[in-house]
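Visitor: Below is a structure I'd like to ask you about.
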Amino acid sequence: MPFPDSYPETPPGYSRKIPGIRQFAGPPRTWRARVSAVAEAVGSWVKMDGMTGTAGEYRLYRELAGWWPLISPAGGYAGEAAYLAGVFRSADVPVREILDLGSGGGHVAAHLTEHFALTLVDLSAEMLAVSRQLNPGCTHRQGDMRAIRLGRLFDGVLVHDAVDYVTSEADLRQVIGTAFAHCRPGGIALFVPDYTAETFKPGSGGGGSADETGRQGSFREWTWDPDPADDWIQVEYEFVLRAADGTVQVVHEAHRLGAFSSEVWLRLLAGAGFEPEVHAGAGPPPRQDTAGEMPANLFLGHRRKCGRG
């Protein structure tokens, strides 16, 4: 299937891959045309880089990790983090300690540290370094959320949009198993994928910011589904990164992301031992009094206490 030349605009608030999405007027051109246009505009100052990286090795989370606070500012996560904090409080036990699997740059965690003690796990050492600057009071551990075992239990487990990078049912089963292995009886696990098979819509968007040193980071994204019959979709990213000295780098990278059906999620959660709930699209929130911004997709796994139905 050829890469499409344009998409319908993403509905406001739909995409949560990189917060701060804003809409662009008119249909986007292909990424190649846009990269060429940027290169022509800034001339010899631009260094062009093509797509590299395999699953778990995307450049965005490796050598470009230092740009993450500009590409996806932490402030954009505040509303959703407030909502998730309210959901954690709905657990059968008081939630004080949370394990964040796939914590990335720690932008969600930054809004939870006032209320909870967090242990942050990520595969990328570079993203953990970014998070340590933002969340110095949190415990940070490098590891694969499919397999890591910390040898202790937590009141709550959070698996935010890093779960998007799980593209096979077998790997998703492992991630859910990790969450269950670390969840205390009476505790709760929250899974927040950006996409499900039912809610996915192709679209485009972008965002970015600058810092006090003069650095600027911005992105465009085009999201599409090469084959609706499988469990993954593709996002084409274009990053424009301006260093403090004025040098501009343009990077294109294609990311493959999971988009499993709600049936798969519920089946795997139940199979791991959780009592599952799903809250997607226009579904009712798990707590009517929860403040903040409800994510587009939210799956809950309750680990009930022994003897409770």
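The sequence shown lines up with residues 1 to 309 when you count with our numbering.
We put the CB at the ideal spot given by N, CA and C, even for glycine.
1) Contact defined as beta carbons within less than 8 Å: I believe H107 pairs with S72. What is the distance between those atoms, to the nearest angstrom?
2) Helix, strand or coil: how does DSSP classify A189 here?
3) So, using beta-carbon positions, are S261 and A170 closer together than 8 Å?
4) Smallest Cα separation from A91: which of Q142, Y61, A78 and E277?
5) State the DSSP-derived secondary structure class of I148, mapped to helix, strand or coil.
6) Note the first and the last residue of the continuous alpha helix (DSSP H) segment covering S262.
7) DSSP three-state call for Y237: helix, strand or coil?
8) Within the same chain, show all residues whose beta-carbon is closer than 6 Å to that of H160, passing over the 5 residues directly before and after it, in chain order.
9) With 16 other CB atoms within 10 Å as the buried threshold, where does C183 fall?
10) From the DSSP output, which residues share a beta bridge with C183?
11) Quick check on DSSP: helix, strand or coil for P228?
12) If you follow the beta strand (DSSP E) that S204 is in, where does it begin and where does it stop?
13) With DSSP run on the structure shown, which of helix, strand or coil describes F219?
14) Tell me whether A296 is buried or exposed, calling it buried when 16 or more other Cβ atoms sit within 10 Å of its Cβ.
15) Assuming S124 and R62 are in contact, meaning their beta carbons sit under 8 Å apart, how far apart are those beta carbons, in whole angstroms?
16) Roughly how many angstroms separate the alpha carbons of Y83 and G75, rounded to a whole number?
17) Quick one: what's got a C-beta closer than 7 Å to G79's C-beta in the same chain, skipping five residues either side?
18) Determine the contact status of I130 and G151, defining contact as a CB-CB distance below 8 Å.
19) Alpha carbon to alpha carbon, what distance is there between G186 and G301?
20) Does E263 pass the burial test, meaning 16 or more other C-beta atoms within 10 Å, or should it be called exposed?
21) Taking only three categories from DSSP, how would you classify R303?
22) Exposed or buried, which one is G205 when buried takes at least 16 other CB atoms within 10 Å?
23) Apart from the five residues just before and just after G143, which ones in its own chain have a Cβ nearer than 6 Å to its Cβ?
24) How many whole angstroms separate the CB atoms of L64 and S209, which I take to be in contact at a CB cut-off of 8 Å?
25) Given this structure, state the Cα-to-Cα distance separating R215 from A272, to the nearest angstrom.
26) With respect to the alpha helix (DSSP H) encompassing V130, which residues constitute its N-terminal and C-terminal limits?
27) Identify which residue in E126, Q133, G177 and R89 has its Cα closest to the Cα of F116.
28) What residue does the beta strand (DSSP E) around L60 start on, and which one ends it?
29) Look at the alpha carbon of V175 and the alpha carbon of L266, and state the distance between them as a whole number of angstroms.
Guide: Result, derived from the coordinates:
1) What you label residue 107 is simply residue 107 of the sequence shown in a count that begins at 1. What you label residue 72 is simply residue 72 of the sequence shown in a count that begins at 1. Approximately 7 Å separates the beta-carbon atoms of H107 and S72; this is inside 8 Å, confirming the contact.
2) Locating residue 189 in the sequence shown gives position 189, counting from the first residue. Reduced to three states, the DSSP call for A189 is strand.
3) One-based indexing of the sequence shown puts residue 261 at position 261. One-based indexing of the sequence shown puts residue 170 at position 170. When the beta-carbon positions are compared, S261 and A170 stay at least 8 Å from each other.
4) Here residue 91 is taken as the residue at index 91 of the sequence shown, counted from 1. Closest by alpha carbon: E277.
5) Sequence index remark: in the sequence shown, residue 148 carries index 148 (1-based). If DSSP states are grouped into helix, strand and coil, I148 belongs with coil.
6) Reading the sequence shown from its first residue, position 262 is the one you call residue 262. Residues S262 to A272.
7) Your numbering for residue 237 matches position 237 in the sequence shown. DSSP, reduced to helix, strand and coil, places Y237 within a strand of the structure shown.
8) In the sequence shown, counting from the first residue as 1, residue 160 sits at position 160. Within its own chain, the residues whose Cβ lies closer than 6 Å to the Cβ of H160, once the five positions on either side in sequence are excluded, are V108 and V192, listed in chain order.
9) Residue 183 sits at position 183 when you count from the first residue of the sequence shown. Buried, since its Cβ has 16 or more Cβ neighbours within 10 Å.
10) Position 183 of the sequence shown, counted from the first residue, corresponds to residue 183. F154, per the DSSP bridge assignment.
11) As a first step, residue 228 must be located in the sequence shown, where it is residue number 228. In this structure, P228 counts as coil in the three-state DSSP scheme.
12) Start at 1 with the first residue of the sequence shown, and residue 204 comes out as number 204. Segment G203 to A210, the beta strand (DSSP E) holding S204.
13) The sequence position of residue 219 within the sequence shown is 219, counting from 1. It is a strand residue.
14) Sequence index remark: in the sequence shown, residue 296 carries index 296 (1-based). Buried is the call here.
15) The residue labelled residue 124 in the question sits at position 124 within the sequence shown. The residue labelled residue 62 in the question sits at position 62 within the sequence shown. The Cβ separation is near 7 Å, so the contact holds.
16) Counted from its first residue, the sequence shown places residue 83 at position 83. Counted from its first residue, the sequence shown places residue 75 at position 75. Computed Cα separation, rounded: 14 Å.
17) If you number the sequence shown from 1, residue 79 lands on position 79. Closer than 7 Å at the Cβ level, and outside the excluded window around G79, lie G292 and E293.
18) Translated into the one-based positions of the sequence shown, residue 130 becomes position 130. Translated into the one-based positions of the sequence shown, residue 151 becomes position 151. As written in the sequence, residue 130 is Val, which differs from the Ile given in the question. No, the Cβ-Cβ distance between V130 and G151 is not below 8 Å.
19) Translated into the one-based positions of the sequence shown, residue 301 becomes position 301. Translated into the one-based positions of the sequence shown, residue 186 becomes position 186. Distance between the alpha carbons of G301 and G186: 10 Å.
20) In the sequence shown, residue 263 corresponds to position 263, counting from 1. The residue in question, E263, is exposed, as its Cβ has fewer than 16 Cβ neighbours within 10 Å.
21) Numbered from its first residue, the sequence shown carries residue 303 at position 303. R303 sits in coil when the DSSP states are folded into three classes, being neither helix nor strand.
22) Position 205 of the sequence shown, counted from the first residue, corresponds to residue 205. Buried, because 16 or more other Cβ atoms sit within 10 Å of the Cβ of G205.
23) As a working mapping, residue 143 is identified with position 143 in the sequence shown. Excluding sequence neighbours, G143 sits near V121.
24) On the sequence shown, position 64 is the one that residue 64 refers to. On the sequence shown, position 209 is the one that residue 209 refers to. Not really, about 15 Å apart at Cβ, beyond 8 Å.
25) Residue mapping note: residue 215 aligns to position 215 of the sequence shown, counting from 1. Residue mapping note: residue 272 aligns to position 272 of the sequence shown, counting from 1. In a straight line, the C-alpha of R215 is about 45 Å away from that of A272.
26) Stepping through the sequence shown from its first residue, residue 130 is reached at position 130. V130 -> alpha helix (DSSP H) spans A125 to L134.
27) As a working note, residue 116 is residue 116 in the sequence shown. Comparing alpha-carbon positions, the option among E126, Q133, G177 and R89 lying closest to F116 turns out to be R89.
28) In the sequence shown, residue 60 corresponds to position 60, counting from 1. L60 -> no beta strand (DSSP E), and no H or E assigned at all.
29) Working through the sequence shown from its first residue, we reach residue 175 at position 175. Working through the sequence shown from its first residue, we reach residue 266 at position 266. Taking the Cα positions, V175 is about 14 Å away from L266.
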